[in-house]
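With the working numbering, you'll find the sequence shown wraps up at 392, consecutive numbering, no jumps.
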Amino acid sequence: MRRIALAQPHLAGNERAYVLDCIDSNWISSIGKYVTEFEQRFASFCGVPHAIATNNGTTALHLALVALGLQAGDEVLVPDLTYIATANAVQYCGATPVFVDIDEHTLNIDPALVEAQITPRTKGIIAVHLYGHPADMMALQLIARRHGLWLVEDAAEAHGAEIGGRRVGSLGDCATFSFFGNKIITTGEGGMVTTTDAALAARLRLLRGQGMDPDRRYWFPVVGFNYRITNIQAALGVAQMETVDASLDARDRLAAWYLEDLAPLEGLVLTKGTQPCMRRVHWMFNVFLADGGEERRARVMEALDQRGIETRPMFYPMHLMPPYATPDRFPVTTSWAARGITLPTHQGVTRDDVHYICQQLQAVLGGS
Ligand SMILES: Cc1ncc(COP(=O)(O)O)c(C=O)c1O
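Structure, rendered in structure tokens:
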């Protein structure tokens, strides 16, 4: 029986040629032409002047928070539904992530609930564009400005998403991206910070390279990190940027096939999504059981697995994770997170695969 993978990289362009070029030219470490080219291409893709590549999306987030001056004892507002790295990056700084419930149409931080969580210790907000859907940056910018907070976009899952014709990556004080193997574009492992602020960009570069003074080699005025990307990873990134528009289109097409086939199915709901000014991208396509919780979801996923269809559960709420456990209630996150199933989303999924996945889903839902 054929298995349909949940996610897989699409390496159909110049990836092999550029990686071989690194090996043939002996430039395999973190200096090399592909690092510069990847940063320049990614900056221009996001419509910003500065992009600083890192070795993964988590270090990109950590670097951004350190560069913004986050310190022990500070607080940062973070959506309750996200991947753990968003909260962990805050914790690495000795600061506290304070969770905010989500909006059920977009699964992103609910701006209407943000102000109630602001205290004198709050320094900033991290807006996550979850699963490729842009967060409501306009509303969040107004709140951030009113309270003197910074606003970071965690755009790990949303390369190419837009609000009002502007790409994510250009909508906050800075933004971070991941290029892990399952992302819309990948470098195996990799990350990026983007910003319009030249001073912040210089600080990010300084901190990324162990804090070494750019004008005085082996002089370290600050405690920095080794969060550099390699030329080999960046070579993959350049090749991926050459085909990113086609990748985004292919994912849009896949989502449209899912929507077409899922429309007649009973027992499932989808998020309503986007304001008209937003372009969501399809990092992962999710469906939600109309009834039941985690146990029923596990049965549905197990049955799909037996039929050769790989799925995964939606992220768990942050407030349930042992390091961040809090008695506070987050009803929207709790309800949606327990019912969400991610279906195969990558460029290798064919129209016939989608027919098969949705037929099997219908059969499984009828019997579960
Ligand atoms: C929302 C979010 N933030 C941060 C990260 C961290 O990126 P990485 O896995 O590249 O460290 C991810 C990665 O999956 C993510 O989904």
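Positions of the beta carbon are idealized from the N, C-alpha and C atoms, including for glycine.
- Its Cα nearest to that of Asp276, the residue Thr374 stands out among Ala168, Thr374 and Met216.
- For Gly233, the secondary structure class from DSSP, reduced to helix, strand or coil, is strand.
- With a threshold of 16 other beta carbon atoms within 10 Å, Ile133 meets it and is buried.
- Secondary-structure assignment with DSSP links Trp174 through a beta bridge to Gly148.
- Straight-line spacing of the CA atoms in Val356 and Ala287 works out to 24 Å.
- Residue pairing by DSSP places Phe309 opposite Leu367 in a beta bridge.
- With respect to Gly37, Thr267 sits close: the two C-beta atoms are nearer than 8 Å.
- Around the CB of Asn80, 16 or more other CB atoms lie within 10 Å, so the residue is classed as buried.
- Annotation: the continuous alpha helix (DSSP H) that includes Thr82 extends over Gly81 to Ala91.
- The Cβ atoms of Trp307 and Tyr107 do not sit closer than 8 Å to each other.
- Cβ-Cβ distances below 8 Å link Val138 to Leu101, Val124, Ile149, Leu164 and Ile167 in the same chain, with the five nearest sequence neighbours on each side left out; the list follows chain order.
- Less than 8 Å divides the Cβ of Thr335 from the Cβ of Leu328.
- With contacts defined as CB atoms closer than 8 Å, Glu177 and Gly189 fail to qualify as a contacting pair.
- When rounded, the separation of the alpha-carbon atoms in Ala225 and His74 is 6 Å.
- Contact between Thr295 and Leu131 holds: CB atoms are separated by about 6 Å, below the 8 Å threshold.
- Leaving aside the five residues that flank Cys70 on each side, the residues in its chain whose CB is nearer than 6 Å to its CB run, in chain order, Arg191, Gly193, Ser194 and Thr218.
- Thr78: member of the beta strand (DSSP E) spanning His74 to Thr78, first to last residue.
- Beyond the five residues adjoining it in sequence on each side, Ala270 comes within less than 6 Å, by CB distance, of no other residue in the same chain.
- Residue state for Val293 is assigned as strand, using DSSP reduced to three classes.
- Inside the stretch 178-249, DSSP marks whole alpha helix (DSSP H) runs of 4 or more residues at positions 222-232, from first to last along the chain.
- By the Cβ-count criterion, Arg40 is exposed, with fewer than 16 other Cβ atoms from all chains shown falling within 10 Å of its own Cβ.
- Taken from the Cβ of Thr106, at least one heavy atom of ligand 1 lies inside 7 Å.
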